[in-house]
Structure formats: structure tokens, C-alpha cells
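These notes are about the structure you will find just below.
Protein chains in written order, with my numbering: chain A, 1 to 384; chain B, 385 to 768; chain C, 769 to 1152; chain D, 1153 to 1536.
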């Protein structure tokens, strides 16, 4: 399927959420009978949705609620929660700051206060004491130190995340993050990302990752595409990594789940990500729009605070409802951002998928969602 | 024609109305000589247009007018007409309600009053007494009970409609709707939908359906795509189901018509649906824009009233003219929403199709209707 | 190159102006040395541009100017000029009328006054007396009668135009327009259109047409697409008809030029039409934007006045300059609507084409002109 | 890979910046270790970025700064700097002029003052005296005369630029620019452009060009496309020319770098251009947006001043920061227009490319950047 783009240069066509859709077949299943549970690091979760380690999306309280609802939330150990005692006040400041100069403002707030191991421990204990599953995230260069504090505090799952996470790293000045050693030595499961591509995923699984985050510059229009030229639409990225997962499982007998992370905006995208091969999805802004989110109505990315090359800014996400309504409904909006679990169940039922593994094989079509004048008329039909 | 979207995942490309166009050949036929009649359940109709079972589109009076004009209208037996004695007043309330909170408002109105068999009978008798063809629609879980009342009142055609209608349904808690038994036992023809795909269509035909509604999340941008990720553009969906119809006819000698339902906005879409293989089309908002429509100027979908996962909201469709002008002209707008029959006749004549079966084989091209700066200039040419 | 759109339905991909571009090669020719002359009906024209028979584009005076500049203009014998003594006053009324109800207004003005043979003669004599080439256009059902008057007045070229012009026509009530007889008996060359497709074009050439107008619903978004579903993008339509022309020439030794008509907005489109195989182009709104046009600043189509199914309305085209500036420059706009001949010459020179026949074979690429954020930056580069 | 567009007409699909993206693999390299140096005309440059010979982008002072930062700037010898003693004042006038009539205003300013060899010498000496590399550009018909003055003043690199630059040129009235003789006789390396296509590029290399500028009407929406119909998207154009470069190198042992010129808006485009095969890129408006640029906040193209067929106008580019911040950072915007070198380094590191030659072979995918509703949500994810 290689396409010549010019001269001897070839490329494959990659597909994103808006370019595909799912096709019902001859069997429909009662949505209540659908099994959407999944396993990560030996732990079973009722719903395949993870709140992303964004400062605007996850604080300890939200992590607890997320656990109660059957999902998982990841706390950012490089962010405000690990730098400021009164994190909530700082997050509110960011939410309240004017748009003009917001990148500088965020850069300064992150630079002004170093990460404190004591704060790491305190945040994790807040989650554990309330009965939640404590999952945390750190960048490769901060992971070793953060992990010591986190493990001491009783963390359950550890995420290591960078823009492009690979086993192999070359540098003349800094030492490599030892993925395999880290995974082997950590007393808890380690999830690594973000990645795209069969080979990189397979190598991370060989290195001992308990889960893989899939997604590098996934959106159709996203900052990594503009700044770096890098980015793979999520349907293709997920399908590539799923092939690695399935091959790894066949050869090694270990099923390492892959989690599609980035670019997911609604229930339809969740269904498509899983249909492309994902075992679960990670959501950022959709969760940041919960009433319980730390910086009500706002979100910003991990790379916003980059000192010399910020990618992403603070955006307004609004407040769509309680976390429970967003995940389990009822929805009082029709844009697919509420009752995500209900939507996934109904989608799977309509597609005849008994569980997530079957959902990974439902029929998919390429059907671009191009803007159309007929939008309002089509919506009125209701059956569509 | 399978395309690799990533890893081992494959998908076919599917096409919608805005991506195709029809191509004239060397023969032109006088539009007045074109035969656009078709058969449904042993009954002949002069025009291949059905008004959809939306509360904002069809009440008994409109059904009568539709019959007089040679078409057919389907009354929703799960809607306001079957729940409220003074349905028109309730429908007017919905039309008058503010947009803010409209989904809640509709949800409440539908939940507040149960379906009454007596009202079902009364509505059907209103249609029959005025000489109209009485066609009604119910969801699978309400169909049995509604059918009893409807048959008693002398209904002519019975539609069973759900988001995805199939012969096979699995549930641990509720019993399956027995499609084949229902079709066999009903004293009137039963039309079933909505469906997409060769296999599901073929199975419904084997189960005894007298007609099939084609269309699941058909629009380019529609709520099912956003909420569930599910949806098949109508040109491809129609062509797939048409292949099942033709094969079923060849093997069983029974010609079961397929009706493209959803996403049709104008005369051009009607022509394209039939050229893709449809025997007739079902229109919602275009009919809801008739002066005689029950909720003047507004329409909403069957799934708008869903309690936990509404898909679609109330939209303003405006009033474009009398039902007669919309169907038979004259048009005083140039956007293809009026004189639909005149447009279909002229299209078939220009394409050299003597009847609908020949229209199903005219030349089709893939020619995306992308937005273009030249829009106004092109329109001015007039010949285009 | 057939693509399956679903089931057993196949379609070819067709291309429009905005989807292709032309590619320079290793030879550049001085623009002044390029030969852009062409032959129509035994007559040589210096420039391959014809003003379309739209009431808003061509009156006798403009036809004379067009002849003086080396082009050709076609007068509409079914329009205002043939119906009203003081045509200019009526055209000004149309230009001055409010947008609200404009279609009705135009319908009424055309219906109120019948075509008068005396006016036909007078208009043609105005052109001839001033030394212009007199070309006129009529619909098939009015052509016979109009031709008598036109020939008597000394017309030079006769166009017969309908939405879809073919040799074969079936009707139970009206007699067929005898294309072959008409062409044979007319004392002047007869140009016929509009058509698309190899077969229809070849048949018209066999019937004796001296030229063929190519284009049915050509624009990306145009009324025929919306109302009828019919339309072929011009690059593909032109290339199809060019193949018929070349084959006809090879077998019969007669070179019948084809004229791309519809959807052309700027110099780039003219270049592309010829590169796709056209011998000349027909322009409507671009000419209607001339200061000398009959209804300054406005244009409307032949099908706008259709009583029961109007396709197209009156649009504002503005005034871009004198007809001479539009055709020969200098341009004082950079949007490609002025100095069309200069642009064609520069394009042909840059592409190494000595004449129009060579221009029909320059390298073409498929390169969609999608809207892009980078628009303004790209324009600033200037070299692009 | 030829596609039939209609009849016997074929075309290749060509790709632009917004249609492709780059894909990380299993290796990441420290961005600080990446080698982005390159050679042009025997001279080594630290960064592969050239400021284009636009009057709004380059004056002698900016050329010096550009040299200091490791790049190169080209001074336009046909522009204001070579025509007016007090060039800065004239440039400021252009920046200050109202938009209305700006093309005329620019046309007049260029026509009013002839190019003066003395000014050419003075500008070059200003650059040389301050320690900069002096690169200049002239059109083919002015190159001979300009070169005499430039060489006398000690110029380092000479660019000959026209819309379509080829070895072969035909004219009945003016003599051909002798590319091969000019390159052979010039005491400094001669870079020629602009070109697209394997054959034209190969011929220019045979003629002795020391570098090739790639790009004719590159943008998705650009004036050459609209006015002339000519234009090749840059990814395909670059890959075609890169194939010629590699073949020429293999046969002749001389590596002639190719420079992608036009349509580049951000760091992502730079990465993609090199990944398509470029050795360096040329930037116009991005440089014109530097605080040090000659006409602060504005830019216009070489073809804007064309007397009879202007292509491009003056556009507002704004001021994004100092030239140093634009090239080396830090960025305080997230749109990819600042810290271009940092972005290229990070992109190459993330893609596992040690140097530009390796960057030319990283994995590329076709992934259209279509406008999407999800834009803001995706950006918020930050990881994307």
C-alpha cells in the first residue's frame, strides 16, 4: 500500500478518527450485557477509560472518584501537585489568568517551584487513604527520583511518559533512561509511552512495559504537527501498535494492553479507538471539563510549560457536568461528551461485540466526516 | 478494494451523497414520460417518497395529503400522537419552547404520558376515514402491542424501526423481538429497519420483511457518528443493500424494495439514492418543512427523547412551502428542496432512465462537492 | 480505474479545476511567441475565449467589442434581448431588483414577453453593422424558428444549447429536435451543447456539429448537483470529450473543436481547461463583471427563469474592469480574473507549449487546493 | 501510479506540506547531538535556513545577522535596495501605505527608479564589511549586468531566480540567458531556480548550478495556481528534484544541494521539506516577521511588481520576535514560527536522524491536516 509522493519517496496513508466509522452487522446485543472490563498490570478495571496526567484534569480527589466509577486517573508528578503545597490555589490562578501571555505565565509557575518528594508522597497517600487506585506519571529524566517517593507512599501503577518514548536513546551528554531495568526493578507495573509504530512498541514490550500509551501528535491539527512535523493519526497508530501487541502475545504469552492517548473528543472516538485495536483510552480535556476537575473549565498540556519550545497552550474546555455524568450519564448534551460508558456499551451492542476483544474486530469503513451543509437536516432525522 | 488502515486492520472506503454525482449519457427522455412508480407490500405508489415517522413531520392530516399526492407517510406510534389526546397542542409547545434545555423538555414530555392503544386506533382511523393509506411505525419492544391496536383499526402497512434492526438479537434480560414470526403473523406487510450491510439485509428479507429501511448514522456529520462512532454513508449503504435485494430476488423470486432513509436533503440526493440502488427514499426534515407539518418549522429525531443518551436535538427547519409545492412544485427556491418529483423526473430524463430500475444503473462518478471559492461564480453560469 | 462504491455499484473518480495543477518542464518559451489562435466553423479567432449566452453577460455592443479583441460572444435568442425592445432598461431593472423574490421577478419578466423574430434580426444586424462576428444561441425547441430570423439577418454562427444536449431524444408528446438535419440545412456552422461523455460527444460530431460545448453541472457546488444530482467536474468532462474529438478526427479527418463551458473563474482555470483537452473556453460571470456588461455587476443563468424548477439565481459579480482589461490586461488585481490572455500566454510559455494543441499535452498533476491556514504566508512568498 | 483524469489524460497525485507527517521510530537522539550543518558552493553553514530575496525580508543588516546565526540571507538585486539610495525609507513607505491600491503603488515605486550598479556594490560591501556572507539574487535578464557589479564588490554566492528557471528557453525577440556559460564564467558559485521536476533539475545541474531552488507555485492556495494554473505542492516537488540530485551525484560525483523555496510556514514544514529530500529551506514571510526585517510586519513577492500581471500582493505578516528568537528561540508562541532550529533539532532527534542526510529518509505518512472541530480539545492534550 506504499504511495509514491515524488521521486523515489514513498509513504503509507494513515487515518484519524474523523476519517473512519464503524459498521453494524447482522447481530445486535443488549447494551447491558456487554463486557467492557479490562486488565492493566494484573488489576481489573470496570471501564476502559483513564484520565490523563494533565494538571488541569487530575488531582487526588478526582483520582479517587475515577476509581470509584471503575476507571483510573493518573497524577502528574512533574506538575503543580508535586511543586506547590497549595496546588489547588495555583491551579485556580492559572484558570483565572488572562489569555494574553498565558504561556509565559505557565512557564514561570512551573519553573519557580521544584518538584518535592514530600508532596509526591502526600498526594499519593491522599488517594490511597480514600480508597483509590494511585497511578502516577513522570518524565524519563525525573522518573527514577519520583519513583522512590511514589513507591514509598504506596503507589499502585507508574507511568513514564515523554513525547516519543522508546527503548533506544542516544546522547553524548546525558545518560539513557534504562527502560528495561526500571520496569524490572519497579515493585509496581510500569506503563510507558507515548509511542507509535510496530517496532518501537514491540521493543517496549520486550523491555517489560505493563502497558503502552499510543499517540504522538495524533490530532488532525495539533501543535506537534506544526512545530515538529511529527504526528500519526490515532486509528493507524493504534492499529500498528495492536499488531505488535498481538504478535508479542503470540510469541511470549503475555498480553500487554495498549492505551490510545490523545485526540479523543467523544464517545464515537472511544469506540473507534477500541475498534482500531486499543484495550483502553486515555482522555484529557473531556475529563478536564468535569465539575470536579482541578482548574474548572481549563486545560493545558504537558509541553505547554516547555521553556524553549512550548507546544500547546491553555485552552477553555468549559464544564459539561459531573464526572459521573460524563462517564456514566445521563447525558443532557447530544455531542458525545457525556455518558461515555453508555455510548460505548450501546455502540458495542449495536455492533454485536460481546467484549473489548470482539470490539477490536468489528467492521470499520473509511468515511471522511467532511463538513457539510446538510448538517442540521441530517441531525433532525434522528435515526442517523 | 480493502485498504490497510494500520497493522493488520483493513477497511473499505464508503461514499456519501456529497461525494458522488450522476453522468448523462447519449440519450435524453422527456421528463413527462418517465415512470417513477414503485411497489411496496403489493401496493403501487405513484412517487417513491415516504415521509418519515418523526413527530415533527407526520400527523394524520399530513398522511392523508401525502397519500393524495401519490406518496406515503408513516405515523410514529411511540410518539406524541399516541401519547396525548391533543397531540397538536403538545407539538406546538415543543415548537415554541426555548432552545435552552430543549432536550430535557422533550425527554419529559415523552416520559410523562404512556402510549395509549385507543389513541393509536383513533389516529389510524383518521387517516383511513379520509381515504389515506395508513402506515405506522413502532420500535421492536413496543411493536407487538401497537400492532394489535393498529390492525384492529385497519392499518395498511406496519414499520418496525430501531437504530440498528437485525434478525439476531442477544439479551440476558429481555426477550428477542421475533422478526420472522411477526412478519408471518401480521395481516399487513411489515417493513423493517434500519439496516446497512448485505448480510443483515438478506437475513431480514429471509425473515419476511416486505421492505427494508437503509440507513444507520448516514450523514457526514451526525450524532450517531459522534456519540457511537457508528455510521455508514448512504450511497455505499444503499448499494450494499441493493446487492442483497437483487440476490434475494434472483434466488427467491421476491422483489423486496429497499428505502434509503436518512441524510437526504434535496432532489439531488433523491436521484443519487435511487441511482445507488434504492427503490424509494424516506424524508424527514424536508417534509417537516412543509406548511402542513405538525410542528411548523421544527423537527427532532426519534432518539432525541432517549432518557440517558439522547442523539439529536430539536432543530429549526423553517417552512419552505406547501407539501404539494415541496413534492410537485412549482419551486420558488433553487436549493433543491422543492418540486422534488419534478427534479427526479428531470434527472431521470436527462440521464436516459425510463423507470426507477433503469435509474439504478445510470453512470455514477465520484466527485467530491468540496467547498469552493468559485461557488457564486459557478452558480451564475446557470448552465451548471 | 473503476472504484466500488458499495455492493456491485462502481464509479470512476472525476476531477475538477481545484483538484489539478500544471507542471513546468525543462523548456520555457517567451510568452509573446505563443500562438493561442484557434478555428471554429472555418473561422479563425485570435483568442480562445467565448462570452456565454447569458443575458447578464452579452448584448450586441459587448459582442462587437469581443470581436474586436479577437474573441467571440454569443447572444441569447431566448432572453431579454429577443423579448423586449428596450432590453437594456429591463436588464437594468433586474440588476436593481431586491434579492428577496428575485427568482419570481425574473420568471415573470421572461414569461411576460414572447420572443420576437424582429428583435432577433435587429440585434444581429446591430452586431454585423458594427463589424462584429454574430453568434447566437437558442434552445432546441426554439432553435428552428430563431434560426430563420437569424439567418435572414446574416448570423455567422448558431449555437443550440440545452442542459443536456444529445442526438437522441425520446418523447411521447413532443417531436425530437433533428440535430443532424438542422446542422446539415443551416447555412452557417452549428455548435451544439452542453454535453459530457465520449459517446454523446462523438454522436453530436457525427450529426454535423461544428463545435461542442462541454459542461453539465460542472462546479463543485452548483445547482444542478443539488437539484438533480447531475454534474461532472470539468477537467474530467473535458478530457473525455477531447478523446472523442481526437478519435473522430482520426477516423473522419474533421477536427471539431470542443469548448469548455461552465465553472471557469480565473486564468488558472482557463489554462487547466485547455490542458485537459479544450480548444477554447466559454466564460459567463467573468465577462458579466466587465464594465460594458448589460446588467452591470450582476449575472443569472439560463435556468433561473425556469417556471417550475429554477436552477440558479441572480448573483452579484461586481465590476472588475473594462472588457479589454479583463481579456488583455493590464491586471490590477491578483486573483486571476484580469488579463486572462496574458495569463494564458505566460502559462503556456512557462509550460513550454508553442500552441493550444501542445498545451493540451502538458504535464498535469492532481493537487487539491484545500483551504489552508498558510494562505497568507504562502501568498507573501510571491514566487509561489 | 498514473491516474486517469478522463479520456486518455493521465496525472500523478502530488502532495503538499499539510498532507504529510513524519513518524518516529524505535530510536530517539538527544536534540543537542543532531548535526544540521550543510554545504553550499563549497561553504559550510551551521543551519539549513536561507532568508529569501524578498525586499520585505532581507536588507544588508539582516543578512549580517543571519550569517552570524549560522544561516544565509539573499539580497534582491532587482529590488528597492538596488534602486533607491535610502532604501529603508522607501520600504517603510510601502509598509505604511494603505491596502487600497497597494499593487499599483508598489508597481510604480519599482518602475520609477532603475537598478544602479553602484547601489549593488554598496549593499554587498555593507554585508562584507560587517563580516557577513554576501549572497545576492537577480532575474535571468538582469543577471549578467548585476553579476559584474556584485563580483567587483566581493559577492560570495549568486542566485539566478525566475518563476520557472530552466536551461532551455525559446524566444524570437530576446536572447537566451546562457545558464551554462554564466555558471562556468562566474567566479562564485551560482544557485539557480526556481524549478520542479526531475528533468529540469538534472539539466540545471549539468549546466553547472551549485544549488537548485525548488518550488513553483507551491502553496495550496497561491496566486500562480489561480492566475496561471501552475503549481506543484512542495513535498512532491522536493522529492522529484531530490531524485535528480541523487542520480546526478551517483553519475558525476558532485553533490548539488536542493533548497525548498516557498510555502514553508513553520518548523513542521521545515522538517517535512528536509524529510522529502531537501538539503535546506528558503523562508520568506517567516523572516519578514522578524523585528529586524526591513519593512516591519509586511511582506510582498517578487511578482507583485509585475506591470501587467501581478501575482501576489503586500500582506501583513506581523512581528513575531527577534531574528534570533525566530531561529534559535526561545519561543513564546506555540504555532511553530519561533525557535525553528530548536524545532528541527527536536524533530530530528525524535525521528532518530543524526544528520540531514538521515532526515531525508525518515518515515513519512500521508495524513491530511483537515480542519476539525476537535482542534481545541486535541491541543489541550498537550502530548499531541
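Every residue, glycine too, gets a C-beta built ideally from N, C-alpha and C.
- The three-state secondary structure of residue 1400 of chain D, taken from DSSP, is helix.
- Residue-level contact check: residue 1019 of chain C does not touch chain D, since none of the beta carbons of chain D fall below 8 Å from its beta carbon.
- Put simply, the CB of residue 260 of chain A is far from chain B, with every gap to its CB atoms at 8 Å or more.
- If you ignore the 5 residues before and after residue 1167 of chain D, its C-beta comes within less than 6 Å of the C-beta of 1385, 1387 and 1388, all in its own chain and listed in chain order.
- Taking the C-beta atoms as reference points, residue 412 of chain B is found nearer than 8 Å to residue 937 of chain C.
- With a cutoff of 8 Å on beta-carbon distance, residue 824 of chain C and residue 1056 of chain C are scored as near each other.
- Among the residues of chain C, those whose CB is under 8 Å from the CB of residue 413 of chain B are 937, 938 and 939, following chain order.
- By alpha-carbon distance to residue 1174 of chain D, the top candidate from A/19, A/230, A/204 and A/78 is A/230.
- If the five residues before and after residue 1369 of chain D are omitted, its C-beta is found closer than 6 Å to the C-beta atoms of 1376, 1377, 1382 and 1383, all from its own chain and listed in chain order.
- In the same chain as residue 160 of chain A, and ignoring 5 residues on each side of it, the C-beta atoms closer than 8 Å to its own belong to 137, 138, 139, 140, 143, 177, 179, 182, 190, 191, 192 and 193, in chain order.
- As far as DSSP is concerned, residue 801 of chain C takes part in no beta bridge.
- For residue 3 of chain A, no Cβ of chain B is located within less than 8 Å of the residue's own Cβ.
- Taking the Cα of residue 184 of chain A as reference, the smallest distance to any Cα among A/204, A/171 and A/272 is reached at A/204.
- Boundaries of the beta strand (DSSP E) around residue 1026 of chain C: 1026-1029.
- Between residue 866 of chain C and the set C/1066, C/1080 and C/1010, the nearest pair of CA atoms involves C/1066.
- Taking residue 742 of chain B as reference, the option from B/656, B/511, B/692 and B/677 with the minimal CA-CA separation is B/656.
- Three or more beta-carbon pairs drawn from the region 534-541 of chain B and the region 508-520 of chain B are found closer than 8 Å, and the two stretches are therefore classed as touching.
- Interface with chain B (8 Å Cβ-Cβ cutoff): residue 780 of chain C is included.
- Here residue 594 of chain B is not near residue 461 of chain B, since their CB atoms are 8 Å or more apart.
- Of the candidates A/336, A/320, A/314 and A/332, the residue whose Cα lies closest to the Cα of residue 1485 of chain D is A/314.
- In the three-state DSSP reduction, residue 281 of chain A falls in the strand class (E or B).
- Note on residue 403 of chain B: 16 or more other CB atoms within 10 angstroms of its CB, so buried under the neighbour-count rule.
- DSSP places residue 151 of chain A inside the alpha helix (DSSP H), whose first and last residues are 140-152.
- Under a 10 Å Cβ-count criterion, residue 263 of chain A is classified as buried, with 16 or more other Cβ atoms of the shown protein chains found around its own Cβ.
- Secondary structure note for residue 49 of chain A: its beta strand (DSSP E) is the uninterrupted segment 49-51.
- DSSP places residue 1 of chain A outside both helix and strand once states are collapsed to three, so it counts as coil.
- Proximity of chain D to residue 800 of chain C at the Cβ level (cut-off 8 Å) is accounted for by 1323, 1324 and 1325, in chain order.
- Contact annotation: residue 1366 of chain D and residue 1430 of chain D have beta-carbon atoms nearer than 8 Å.
- Per the C-alpha coordinates, the member of D/1161, D/1349 and D/1471 positioned closest to residue 7 of chain A is D/1349.
- Considering only beta carbons, the part of the region 417-441 of chain B lying closer than 8 Å to chain A consists of 436, 438 and 440, in chain order.
- By the 16-neighbour rule on beta-carbons within 10 angstroms, residue 889 of chain C is buried.
- For residue 363 of chain A, the uninterrupted beta strand (DSSP E) run begins and ends at 363-366, by DSSP.
- Cα atoms of residue 1496 of chain D and residue 1133 of chain C: separation of roughly 30 Å, rounded to the nearest angstrom.
- At the C-beta level, residue 679 of chain B and residue 447 of chain B stay beyond 8 Å of one another.
- Nearest Cα to residue 329 of chain A within the set B/670, B/485, B/693 and B/721: B/693.
- Chain C places a beta carbon closer than 8 Å to that of residue 1384 of chain D, counting this residue as a contact.
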